[in-house]
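Chains as they are written, first to last, in the working numbering: chain A, 1 to 167; chain B, 1 to 445. Just below is one structure, and these are the notes that go with it.
The following block contains the structure:
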């Protein structure tokens, strides 16, 4: 599962001349374990970043149409999922190829990864960054004898996967 | 990949076409919505087309939304069989009630029970799959809530079938049957299908538009939907106690539903603006058009329950929900799902080893685009015909719809048969042409 985000729009509070800090802290208090917070604000809330970092959240900023900002705070650690036999992924060799595929529309990342794997030697490792967990790729990898391990990055917006070519 | 999804889709399209042909050929009338002929056709379209379409799509997508494999997959085939048989018997029962078939209407209640069994199988598969994951986002949550509405719809439907067939004799129920029927329809179409479609489309729109998902479980919709359903359930109970209160609670429920539609529309609009894919595919555009019909229907429905003198308004609202929103969305998503599943099934095993076509090579949007346009225009004409009470105009609109659906069904078939795929990559060595109505090479997770 991707990270879940709770959304808080502080623009109305600021527009009314209010101070949104209390509302933000209240929202953070209410987050469930593993849940993130999406903050919508008319400017970048710089002072908040260090406060949130101390509370264990990383942030990612997107500029919205109209000049406002969307800031995604996400809890730092995310769970690693693996195929059978990939629990030793930590001791795999360094990836020989690495790709950033999160801007490709599905299913192109799947096609790209499967093609690359065909040209690699057994035991070699491929690393890729994707927009979401590749649910249709997982079974195909296992069927071809490859092993994989992956997790969401700290912002919950990208999935990183390591794939070790089978024999 | 779920083995029976394509079979569900094929059966559902057959039911839709048969329903449309029946209306076009003169079955049913706008003057008495609850006439047996009308009920036969409405159930044919709502259960046969939308019900099977939703079941088939959910069996495929709930595992994807939940990032796990489908639980109890062996129930899919018996469920389909029970649903088709049950619907057949129910339809025959309605025809018998209307004096068109010289048989005992008792078969209606048997049909109702079979439908109940079929839907229970579906509910069991979906619910166990969703709750198997520790956390489920708004999509999974809404699908689960929708299943509760489906459950109540089935119970009401079975009571009605038994009453009409004369199997059950409860005078209290019989006197309230006419008042309760709209709740049965509302729970099925809004409570189950609309809520489910909203839930699933959060993930689908995000996926197809490459937009950030708005899936936080604290989304206000996650509170509004259970409240609206609770209000609908309470209104059903209140019908037996106090009609005035029941009416007030119903209005609250419908206003909540309209609010949900507004919140959902706002979320989709935000996703649309934040999308990274600038050129949208046809299925996204048809989905957005369907949403327009949902908004229109919600407005008509609020008007209909607030000023309940005008029956045509409520009928038009339900018509727009069934044909504009759910059918429009369904036809559009099939145009994406069928090519995608076909592509995965055919080329998955050889991908990376041979040159294969892209998913979009399996369709030709230039052929489908005018038919989607025709379909939506015919729905608007059909709704106008209901408001003006014109049977001839309604039948004409239905024939046009029928032509559009048949043309789109042909496009689905072409995608499934790989007809548009460039010849040199259509069937590379190692790839097998898929079976038209069932998945033969099942992918195990």
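For glycine and all other residues, C-beta sits at the position ideal for the given N, C-alpha and C.
When rounded, the separation of the alpha-carbon atoms in residue 344 of chain B and residue 434 of chain B is 10 Å. Given a length threshold of 4 residues, each whole run of the alpha helix (DSSP H) inside the stretch 374-444 of chain B is given here in chain order: 391-416, 423-426. DSSP, reduced to helix, strand and coil, places residue 112 of chain A within a helical segment of the structure shown. For the set B/291, B/152, B/146, B/212, the Cα lying nearest the Cα of residue 263 of chain B is the one of B/291.
Among the residues of the stretch 338-364 of chain B, those with a Cβ less than 7 Å away from any Cβ of chain A are 344, 348, 351, 352, 353, 359, in the order of the chain. Straight-line spacing of the CA atoms in residue 69 of chain B and residue 26 of chain A works out to 37 Å.
For residue 341 of chain B, there is no enclosing beta strand (DSSP E); the residue is found in the alpha helix (DSSP H) stretching over 328-347.
Between residue 102 of chain A and chain B, the shortest Cβ-Cβ separation is not below 7 Å. Taking CB atoms only, residue 105 of chain A has a neighbour in chain B less than 7 Å away. Looking at the DSSP output, residue 150 of chain A sits in a beta bridge with A/81, A/161. For the pair of segments examined, the stretch 138-149 of chain B was found not to touch the stretch 74-83 of chain B: the number of CB pairs separated by less than 8 Å stays below three. Using a CB distance cut-off of 7 Å, residue 65 of chain A counts as an interface residue toward chain B. Looking at A/38, A/63, A/21, the one whose alpha-carbon comes closest to that of residue 51 of chain A is A/21. Closer than 7 Å to the CB of residue 98 of chain A there is not a single CB belonging to chain B. Beta-bridge analysis with DSSP links residue 62 of chain A to A/70. Around the beta-carbon of residue 242 of chain B, fewer than 16 other beta-carbon atoms lie within 10 Å, marking it exposed.
The beta-bridge partner set that DSSP reports for residue 40 of chain A consists of A/9, A/70. Each of B/189, B/28, B/95, B/431 was checked against the Cα of residue 152 of chain B, and the nearest Cα belongs to B/189. A distance below 7 Å between beta-carbons, with the five flanking residues on each side excluded, links residue 257 of chain B to the following residues of its chain, in chain order: 190, 228, 298. In the DSSP assignment, the residues bridged to residue 100 of chain A are A/129. Looking from the CA of residue 120 of chain A, the closest CA among A/163, A/130, A/82 belongs to A/163. With fewer than 16 neighbouring CB atoms inside 10 Å of its own CB, residue 143 of chain A falls in the exposed class. Linking residue 99 of chain A to residue 129 of chain A through their CA atoms gives a straight-line distance of about 6 Å. Closer than 9 Å at the C-beta level to chain B, one finds these residues of the stretch 111-131 of chain A: 111, 112, 113, 114, 115, 116, 117, 118, 119, 131. Non-local beta-carbon contacts of residue 233 of chain B in its own chain, meaning distances under 8 Å to residues more than five positions away in sequence, involve 152 in chain order. Contact with chain B is found for residue 135 of chain A, since one of that chain's Cβ atoms lies less than 7 Å from the residue's Cβ.
Within the stretch 17-32 of chain A, contact with chain B at the beta-carbon level (separation under 7 Å) is assigned to no residue.
Proximity to residue 123 of chain A across A/110, A/86, A/103, A/134 peaks at A/86, based on C-alpha coordinates. In this structure, residue 193 of chain B and residue 272 of chain B do not form a Cβ contact; the two beta carbons are roughly 23 Å apart against a cut-off of 8 Å. Its Cα nearest to that of residue 108 of chain A, the residue B/348 stands out among B/348, B/181, B/409. Neighbours of residue 210 of chain B in chain A, taken as residues at a C-beta separation under 8 Å, are given in chain order as 103, 105, 131. Counted as a single uninterrupted DSSP element, the alpha helix (DSSP H) harbouring residue 223 of chain B occupies residues 221-238.
For the 7 Å CB-CB criterion, residue 254 of chain B and residue 195 of chain B do not form a contact.
By the Cβ-count criterion, residue 279 of chain B is exposed, with fewer than 16 other Cβ atoms from all chains shown falling within 10 Å of its own Cβ. Taking C-beta atoms as the reference points, residue 170 of chain B and residue 116 of chain B fail to come closer than 7 Å. Taken through DSSP and simplified to helix, strand or coil, residue 93 of chain A comes out as coil.
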